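Take a look at the structure below.
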Amino acid sequence: MEKIFFDHNKLNELISRNDYSNAARLLLREQIKIWPALEEAYNSLKTVQIKTFQYEGFIIKVQNNPGRLTSSSAKVDEKSITTRACFLCSGNLYSKQKAIKYGEDFLILVNPFPIFPEHFTIPHKNHILQLIKEWFGKMLLVSKDFSRDVIIYNGPACGASAPDHFHFQAGSKFFMPLDDGFHSLKNEYGEILVDNDSIVVAGIDDGLRKFISIETMEISLAEKVFDIFYSFYSRVSDEKTEPMMNSICFYEPGQAQDSENYGWRTLIFLREKHRPSHYFREGENRILLSPAAVDFGGVCILPLEKDFEKITKEDIAGIFREVSIGKEQFEYVKAELKKILKVNV
Ligand SMILES: [Zn+2]
Numbered sequence: 056m057e058k059i060f061f062d063h064n065k066l067n068e069l070i071s072r073n074d075y076s077n078a079a080r081l082l083l084r085e086q087i088k089i090w091p092a093l094e095e096a097y098n099s100l101k102t103v104q105i106k107t108f109q110y111e112g113f114i115i116k117v118q119n120n121p122g123r124l125t126s127s128s129a130k131v132d133e134k135s136i137t138t139r140a141c142f143l144c145s146g147n148l149y150s151k152q153k154a155i156k157y158g159e160d161f162l163i164l165v166n167p168f169p170i171f172p173e174h175f176t177i178p179h180k181n182h183i184l185q186l187i188k189e190w191f192g193k194m195l196l197v198s199k200d201f202s203r204d205v206i207i208y209n210g211p212a213c214g215a216s217a218p219d220h221f222h223f224q225a226g227s228k229f230f231m232p233l234d235d236g237f238h239s240l241k242n243e244y245g246e247i248l249v250d251n252d253s254i255v256v257a258g259i260d261d262g263l264r265k266f267i268s269i270e271t272m273e274i275s276l277a278e279k280v281f282d283i284f285y286s287f288y289s290r291v292s293d294e295k296t297e298p299m300m301n302s303i304c305f306y307e308p309g310q311a312q313d314s315e316n317y318g319w320r321t322l323i324f325l326r327e328k329h330r331p332s333h334y335f336r337e338g339e340n341r342i343l344l345s346p347a348a349v350d351f352g353g354v355c356i357l358p359l360e361k362d363f364e365k366i367t368k369e370d371i372a373g374i375f376r377e378v379s380i381g382k383e384q385f386e387y388v389k390a391e392l393k394k395i396l397k398v399n400v
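For the sequence shown, the numbering used here puts the final residue at 400, and the numbers step up evenly by one.
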């Protein structure tokens, strides 16, 4: 296993400062030098086609990214998964791929099929299931160590292409429109579920996406709210593994402890379906879009150029509505969560 580790004279210094965003970028620069397919993937991202759709109070971008075809169309049924070699296990990495050891349990890898201009995968060192429950607090710690990046989690049935191997992803902050559009979206469409000196929890329905936001300076409080949410939501959801969700975590270091924006913001998108009906249509009517956290963050990934050309604002809205939980169900979740949080937080 030792031979997979990245070695560089600047690496230890960055790690000693917990500056994992820059350690990961050092890895990316060095990997590009020796791995032609990776160089090609990151270069082609610079000229990728983008369209922007304007909705009431927010935008959604569409990226034509041919490199994501394998991932967007990945078969994630149990049989396909158990018969393929897991690409996140350290024994199965690409021949040129190197890893940074991240703490006792995780590795940092460059994502060879990028969406973000700098895109990393952070797998657990062991082949353990993609389930967020035990790892929610870890996601917040990771986002603090990766100060230039957002950390994302895709549920096992919500776009993770390795549902059998626990991993986060990290990508450049402010690439997704929701990174800086969050506060205005919350003001416009949010319902406050809890608001005190230590934590703000809101439920937001912008007509496309339905999500819960947790903003706090204390990890333990965020974990407590998440645990409450998770156990409530598991009871009302009929999933066998975990309720369907994607999550985006953003850490804002801030200049002062009293700054309004200091701390963690975690968004949890509530899902009804893995893939929309558009994905399964025949011929011309098919749109190959398999939504995951980045799409919910406001950058929809279309691997096929013909889909990119024809997709409309209404298609995007329809796809988000279809894969998100229903309006009534979300109203119920907000109302119940508000009651539970009121007595517990
Ligand atoms: Zn694995």
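Cβ coordinates follow ideal geometry from the N, Cα and C atoms, glycine included.
None of the values given here were measured: they were computed from a predicted structure.
Take the alpha-carbon of F113 and the one of N242: they are about 12 Å apart.
Residue side-chain check: L143 places its Cβ nearer than 8 Å to a non-hydrogen atom of ligand 1. Nearest C-alpha to F161 among C144, F266, H179: H179. In terms of side-chain proximity, the C-beta atom of D219 is found nearer than 8 Å to a non-hydrogen atom of ligand 1.
Distances from the alpha-carbon of D350 to those of K328, G318, N301 put N301 closest. For D250, there is no enclosing alpha helix (DSSP H); the residue is part of the beta strand (DSSP E) that begins and ends at 245-250.
Taking the CA atoms as reference points, S292 sits about 6 Å from P298. Between C355 and I380, the C-beta gap is not smaller than 9 Å, which leaves the two residues out of contact. Secondary structure remark: continuous alpha helix (DSSP H) runs of at least 4 residues inside the region 72-110, in chain order: 75-89, 91-101. Its Cα nearest to that of N119, the residue I342 stands out among I342, A390, V400.
Non-local C-beta neighbours of G192 in its own chain, meaning closer than 7 Å and more than five positions away in sequence, comprise I274, E278, ordered along the chain. Residue burial is scored here from C-beta neighbours: V280 has at least 16 other C-beta atoms within 10 angstroms and is therefore classed as buried. Within the same chain, and ignoring the five residues on either side of K393 in sequence, the residues whose Cβ sits closer than 6 Å to its Cβ are L248. A distance below 6 Å between beta-carbons, with the five flanking residues on each side excluded, links L276 to the following residues of its chain, in chain order: S253, I254. For I59, the three-state secondary structure derived from DSSP is helix. Sequence-distant partners of D370 (beyond 5 residues in either direction) whose C-beta falls short of 8 Å from its own C-beta, in its chain, are H333, I342. When secondary structure is reduced to three states using DSSP, D261 falls in the coil class, being assigned neither helix nor strand.
Secondary structure of Y149 (DSSP, three-state): coil.
At a Cβ-Cβ threshold of 9 Å, L93 and P167 count as neighbours. Scanning D132, T102, C141, T137 for the CA closest to the CA of G122 turns up T102. Bounds of the beta strand (DSSP E) holding L325 are 318-325. Here M231 has V205, I303, V349, G352, G353, V354 as same chain residues with Cβ atoms under 8 Å from its own Cβ, once five neighbours each way along the sequence are excluded.
With 16 or more neighbouring CB atoms inside 10 Å of its own CB, K153 falls in the buried class. In this structure, ligand 1 has a non-hydrogen atom nearer than 8 Å to the beta-carbon of P178.
Distances taken from the Cβ of H174 to the heavy atoms of ligand 1 include none shorter than 8 Å. For D204, the uninterrupted beta strand (DSSP E) run begins and ends at 204-209, by DSSP. Around L240, the same chain offers G112, F113, L233, I259, D261 as residues with beta carbons nearer than 8 Å, after the five sequence neighbours per side are excluded. Taking a cut-off of 8 Å for Cβ pairs, the region 185-202 and the region 127-142 do not touch, as fewer than three such pairs fall below it.
Collapsing the DSSP output to three states places N64 in coil.
Boundaries of the alpha helix (DSSP H) harbouring K382: 382-399, taken from the DSSP string. For the options E246, A225, S150, F61, the alpha carbon positioned closest to that of Y387 is the one of E246. Close CB contacts of C213 within its chain, under the 7 Å cut and outside five residues either way in sequence, are with M299, M300, N301, R326, H329, A347 (chain order). DSSP, read as helix, strand or coil, puts P178 in strand.
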